[in-house]
Amino acid sequence: MFDVSFYKGKKVFVTGHTGFKGSWLCKMLVNAGAEVTGYSLNPPTEPSLFEIAGIASDVHSVIGDIRDYGSLKAAFDEAQPEIVLHLAAQPIVRDSYKDPAYTYETNVMGTVNILECVRNSSCVKSFLNVTTDKVYLNREWNWGYRENEELDGYDPYSNSKSCSELVTHSYKRSFFGDGHVAISTARAGNVIGGGDFANDRIIPDCIRAAQKHEDIIVRNPYSTRPYQHVLEPLYAYLMIAAMQYEDVRYADYYNVGPDDVDCFQTGALVDMFVCKWGDGMKWVDRYDGGPHEANFLKLDCSKLKSTFGWKPHWNLDTAIEKVVEWSKCWMSGGDVRECMSEQIAEFMMEGIR
């Protein structure tokens, strides 16, 4: 398996570093010895993992809007990164219905802006754009989507990420065809983990209900999603970016998701959570007639497996266990930074067994 010590001493630029995934990614990189510059808006939630875990003390944190090319380029030029990991996005499906223009500005023009920074630099060797499993034209198939399937997300969030993919493909062909910068995208399934406080996500809803000693409200218990612990795709991102840094032939488009056994209906996921949490928690089915979201969605990750020998480290049962462990540490006033480091180290050890 890939060794993250590759990143020791590497200059890495992370967009969206104040978000849930961005915070975990920064922690992984810093623990591996990387020099990290982050560029993002202020944390998107209150509370936020970024602030709870003190990520700002570990990285050079620049607060700015990915839509502001001048501000982004100034931070980028100061950092002189070798590797760029683009996570900045408006990531919530329901929010994209409320403000589609902002969603497209952030997810499409934000991608253009970071690629312009890469295009106008001489320091970058590896660029990875993180998108989503929702980029595909969803036909409600019972099998996983492959990387060569048609891109055409339905809702403004999913569609904007499809556009972000297409922007990346165009820049790759138009400006990086000689391979002087390796360009890839990674399409990840749903992630769970300690420190996610977003609205309209099932695990954060579970944690909020646990805090208030209330029943968990599940609005769509029969939707099927490829759930995975947040460390799974982050490890894959780091692996792809590193491998293509060493050999541009690895630059491509990759799905990142769990095995089929961990594609669960939302209600079954919540069943696992309440079992792990204890304290007599339960959930109720309360469909709210919200906007369209895909009912069935999973990925075929055989390309990532065959190319890199990659495989998931933790099954969903372990992933839920780690969510509960982190959340109870935080709620009891424990050392969440140490909890994160311990979970990262345990995850890495699992990968070499």
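For the sequence shown, the residue numbers in this note's numbering are 212 to 564. Cβ atoms here follow ideal geometry from the backbone N, Cα and C, with glycine treated the same way. Here the structure is a predicted model, which is why all the values come from computation and not from measurement.
As assigned by DSSP and simplified to three states, the class of residue i
i, result
"residue 233", "helix"
"residue 524", "coil"
"residue 353", "coil"
"residue 292", "coil"
"residue 511", "coil"
"residue 497", "coil"
"residue 436", "strand"
"residue 334", "coil"
"residue 464", "strand"
"residue 413", "helix"
"residue 249", "strand"
"residue 428", "strand"
"residue 554", "helix"
"residue 535", "helix"
Own chain residues within Cβ distance below 7 Å of residue i, not counting five before or after
i, result
"residue 242", "552 and 555"
"residue 494", "426, 427, 429, 481 and 485"
"residue 515", "447, 465, 466, 467 and 521"
Heavy atom of the ligand NAD within 7 Å of residue i beta-carbon
i, result
"residue 267", "Among the components of this structure there are no ligands whatsoever, and the ligand NAD is therefore not found."
Same chain, Cβ closer than 6 Å to residue i, neighbours up to 5 away in sequence not counted
i, result
"residue 420", "427"
"residue 542", "none"
"residue 272", "249"
"residue 330", "386"
Residue from the options whose Cα sits closest to the Cα of residue i
i, options, result
"residue 233", "298, 520, 443 and 512", "298"
"residue 490", "259, 335 and 418", "418"
"residue 377", "278, 331, 320 and 390", "320"
"residue 270", "278, 228, 512 and 445", "228"
"residue 414", "438, 392 and 398", "438"
"residue 462", "502, 478, 519 and 444", "519"
"residue 327", "237, 381 and 275", "381"
"residue 361", "342, 346, 544 and 394", "346"
"residue 213", "231, 453 and 545", "453"
"residue 255", "216, 406, 383 and 441", "406"
"residue 340", "225, 364 and 510", "225"
"residue 492", "535, 388, 240 and 342", "535"
"residue 528", "488, 512, 497 and 393", "488"
"residue 403", "475, 383, 317 and 384", "475"
Boundaries of the alpha helix (DSSP H) in which residue i is found, first to last residue
i, result
"residue 262", "260-263"
Contacting residues, own chain, Cβ-Cβ under 8 Å from residue i (five flanking each side not counted)
i, result
"residue 314", "301, 306, 307, 367, 368 and 371"
"residue 422", "542"
"residue 253", "229 and 274"
N- and C-terminal bounds of the beta strand (DSSP E) containing residue i
i, result
"residue 399", "393-399"
"residue 271", "271-274"
"residue 222", "222-226"
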